[in-house]
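Visitor: One point on numbering: in numbering that gives the first Met the number 0, the residue at position 199 of the sequence shown is 198, and numbering is uninterrupted. The beta carbon of each residue, even a glycine, is placed where N, CA and C say it ideally should be. The structure displayed is predicted, hence computed values, not measured ones.
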Amino acid sequence: MKTGVNTLLFAVVSNLAIILCFVPFLFLGIKKMRRVNTYWVIGIYWLFNGIINLPAAGLLHSAGGRGLLQRINYCYTFTETPMVLLAFAFASTGRLRKQLLWMMLAFIAGESVLLAWRGYNFQSCAVITGAGLLLILAYSVAGLWQYLTKMEHNRFEDSMVFVYASLLFGYGSFLIIYIFAHYRSTSGGATYNEADSFLLYYISLLLSASVTSTGLGSYGLRRKRVRRPLVYSSSSS
């Protein structure tokens, strides 16, 4: 960032985004949320997001810490899309669940073949990341569409609509950053601004984590309404 204002804005946004990334995992401390497999996957997904972004908060300075984080980031690159697809599968039923599980297995197989063929490099990571972005965006839309086509919803579905919307927004923003970053690397685009892309990334991460936390909180923190039976009184003449 070139100016003090932009540097301060980046620091505030990135730190808030990183903090909020840990909130979905902390929700697993609530007993009724620990019983739902979908929330476990979502919590672990956001935990990974928080950990890999810790350098932006200036919390890791040792060589050992950076090396450990690099290995975690390496694992996250190849588990990100399968984790999201698995969460979607747990949240779905019937044919859509089977489709998501098969798609997850096919994606893992494709990753394995690509890594065995090309190795771990910028090009293989770009292919995996790009394919994952498109899959998550497509199934986020499918999840929202499935929600909108139903007339009645339970509390779990009401919370998941926040998750679908947050991932649709977040990965939509990441797709824009991915396109511009790939354009710069292949064509040397002069209009690409890396600082602005990082700021956009953390703004979208902040909003996405906030919406996800709101959705999970609506399930975990809201008390279930207890309907009291109606009591009729009769008067005798």
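On the three-state DSSP scale, how would you describe phenylalanine 21?
Guide: coil
Visitor: Can you tell me the Cα-Cα spacing of glycine 28 and alanine 164, whole angstroms?
Guide: 24 Å
Visitor: Looking at leucine 46 and isoleucine 17, is the spacing between their C-beta atoms short of 8 Å?
Guide: no
Visitor: Can you check whether the CB of leucine 99 is closer than 8 Å to the CB of alanine 108?
Guide: no
Visitor: For glycine 171, which residues in the same chain have their Cβ closer than 7 Å to its Cβ, ignoring the five residues on either side in sequence?
Guide: Leu136
Visitor: For the pair the stretch 156-163 and the stretch 192-200, tell me if three or more CB-CB distances fall below 8 Å.
Guide: no
Visitor: Can you check which of these residues, Val83, Ala56 and Tyr75, is closest to leucine 133 by C-alpha distance?
Guide: Val83
Visitor: For serine 91 and leucine 15, what's the separation of their Cα atoms in angstroms?
Guide: 31 Å
Visitor: Alpha carbons only, please: which of Gly131, Ile43 and Cys74 is nearest the one belonging to tyrosine 119?
Guide: Cys74
Visitor: From this set, Thr37, Tyr44, Met32 and Leu7, which residue's C-alpha is nearest leucine 19's C-alpha?
Guide: Tyr44
Visitor: Mind checking which residues open and close the alpha helix (DSSP H) that includes threonine 128?
Guide: Element bounds for threonine 128: 121-147.
Visitor: Taking the C-alpha atoms as reference points, what is the distance between glutamine 122 and leucine 220?
Guide: Glutamine 122 and leucine 220: Cα-Cα distance of roughly 43 Å.
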